[in-house]
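Written below as structure tokens is the structure these notes are about.
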Amino acid sequence: MKKSKLIVAYVRVSTLDQKKNGYGIDIQRRDVRAFATKIKVEVHRMYSDKAESGIAEDREQLRKLLSDCERGNIGSIIIPSIDRLSRDVRIAENLFWKFKELGVRILIADMPNYDASNRKDVLIRQIREAIAEENRKEIIERLWKGRRERVRNGRPAGGMVPYGYRRRRKQFVAHPVESVIVQKIFKMIRADYSGNEIANALNKNGYQKRNGKAWNARQVLAIGQRHDLYKQGLFRYGSVSTTNSKLAIVSGK
Numbered sequence: 508m509k510k511s512k513l514i515v516a517y518v519r520v521s522t523l524d525q526k527k528n529g530y531g532i533d534i535q536r537r538d539v540r541a542f543a544t545k546i547k548v549e550v551h552r553m554y555s556d557k558a559e560s561g562i563a564e565d566r567e568q569l570r571k572l573l574s575d576c577e578r579g580n581i582g583s584i585i586i587p588s589i590d591r592l593s594r595d596v597r598i599a600e601n602l603f604w605k606f607k608e609l610g611v612r613i614l615i616a617d618m619p620n621y622d623a624s625n626r627k628d629v630l631i632r633q634i635r636e637a638i639a640e641e642n643r644k645e646i647i648e649r650l651w652k653g654r655r656e657r658v659r660n661g662r663p664a665g666g667m668v669p670y671g672y673r674r675r676r677k678q679f680v681a682h683p684v685e686s687v688i689v690q691k692i693f694k695m696i697r698a699d700y701s702g703n704e705i706a707n708a709l710n711k712n713g714y715q716k717r718n719g720k721a722w723n724a725r726q727v728l729a730i731g732q733r734h735d736l737y738k739q740g741l742f743r744y745g746s747v748s749t750t751n752s753k754l755a756i757v758s759g760k
């Protein structure tokens, strides 16, 4: 007896989506299920990529999805919208081509009447791919401009808080424990200890990284390279920089 092929779904949320509180995973899953109910099919599995860029080609769940398609296990894939496959026209078109070659049908929840054999539908799909790519570029440009402006106004650009600090009311403040560890690292660097020697000393004395894991030489030296930040309180974003001497936590040369 011939085994029936599965109907699956693919959803994705990126760090950009998270920043603008947009199309989250739960909303996408709900849209997929609603679409599946409407067309009276059952979704057997959902492939979910979290915090994955729409221009990344090597995504864990997308890779598994393609592998399952190549094994001939999948007949149809439901996606909530075109930009979940990619926000890059080239990548999206390559994926649509790949699925077609594998004999896999693509169903698009927010294009319920999409027919891959209809040239007009394909043209509309490609236009929407181009719009998704342009929207991504606009989001990145706004974030870039906003971060540069924060630096011009004497504030950190945002993003990940550097080791040694915490964010308080949109400002950075020295962390009482991490700042001491940073000071120890710089003191040992000045005394010509190697990265491995510093990491071993920190680990031996019970000093852990922010995530609770042990130090290694690469991480120690990465902190040592940020002397402008730790010695002067200097933040950079692109060609823009600002200095806040209150954030200098290391003294001396």
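First residue of the sequence shown: 508, per the numbering used here; consecutive thereafter. Yeah, the Cβ is synthetic: ideal placement off N, Cα and C, and Gly gets one too. Given the structure is predicted, the values throughout are model-derived calculations rather than measurements.
Compute the distance between the beta-carbons of residue i and residue j, then report whether it is under 8 Å.
| i | j | result |
| --- | --- | --- |
| ASP590 | ALA516 | no |
| ALA756 | GLN690 | The residue asked about is misnamed: residue 756 is Ile in this sequence, not Ala. Yes, the Cβ-Cβ distance between ILE756 and GLN690 is below 8 Å. |
| SER487 | LEU609 | A query on residue 487 cannot be resolved here, the shown segment of the chain reaching from 508 to 760 and no further. |
| ILE514 | VAL539 | no |
| CYS576 | PHE542 | no |
Comparing C-alpha positions only, which one of the options sits nearest to residue i?
| i | options | result |
| --- | --- | --- |
| SER767 | ARG697, SER746, ARG540 and PHE603 | In the structure as shown, the chain begins at 508 and stops at 760. Residue 767 is therefore absent and cannot be evaluated. |
| SER574 | TYR554, ILE585, ASP628 and ARG626 | TYR554 |
| HIS682 | SER511, LYS753 and ARG540 | LYS753 |
| ILE534 | ALA724, VAL520, THR750 and LYS547 | VAL520 |
| VAL629 | GLU600, ILE646, GLU656 and VAL611 | GLU600 |
| PRO669 | ARG697, LEU736, ARG632 and GLY579 | LEU736 |
| ASP622 | SER593, ILE647, GLY653 and ILE585 | ILE585 |
| LYS738 | SER758, MET618, GLU636 and ALA708 | SER758 |
Determine which residues share a DSSP beta bridge with residue i and list them.
| i | result |
| --- | --- |
| THR544 | THR544 is not bridged to any residue. |
| ARG552 | VAL515 |
| PHE679 | ARG674 |
Have a look at residue i and residue j and give me their C-alpha separation to the nearest angstrom.
| i | j | result |
| --- | --- | --- |
| MET508 | LEU569 | Reliability of the predicted coordinates at MET508 is poor, the pLDDT of 45 falling under 50, and the value obtained from them is presented with this limitation in mind. Looking at the two C-alpha atoms, the distance is approximately 29 Å. |
| LYS526 | ARG649 | In this predicted model, LYS526 has a pLDDT of only 46, less than 50, meaning its place in the structure is not dependable enough to derive any value. |
| HIS734 | ARG674 | 20 Å |
| ASN751 | ASN642 | 35 Å |
| GLY588 | GLU567 | Checking the sequence shown, residue 588 turns out to be Ser, not Gly. Cα to Cα, SER588 sits roughly 19 Å from GLU567. |
| LYS694 | VAL747 | 29 Å |
| LYS720 | SER686 | 17 Å |
| SER532 | ASP699 | Sequence check: residue 532 is Ile here, not Ser. For ILE532 and ASP699, the distance between alpha carbons rounds to 49 Å. |
| TYR744 | ARG597 | 30 Å |
| ARG676 | GLU704 | 37 Å |
| ILE730 | ASN723 | 11 Å |
Every unbroken beta strand (DSSP E) inside the segment 622 to 659 [3 residues or more]: None, since the segment 622 to 659 contains no complete beta strand (DSSP E) of that length.
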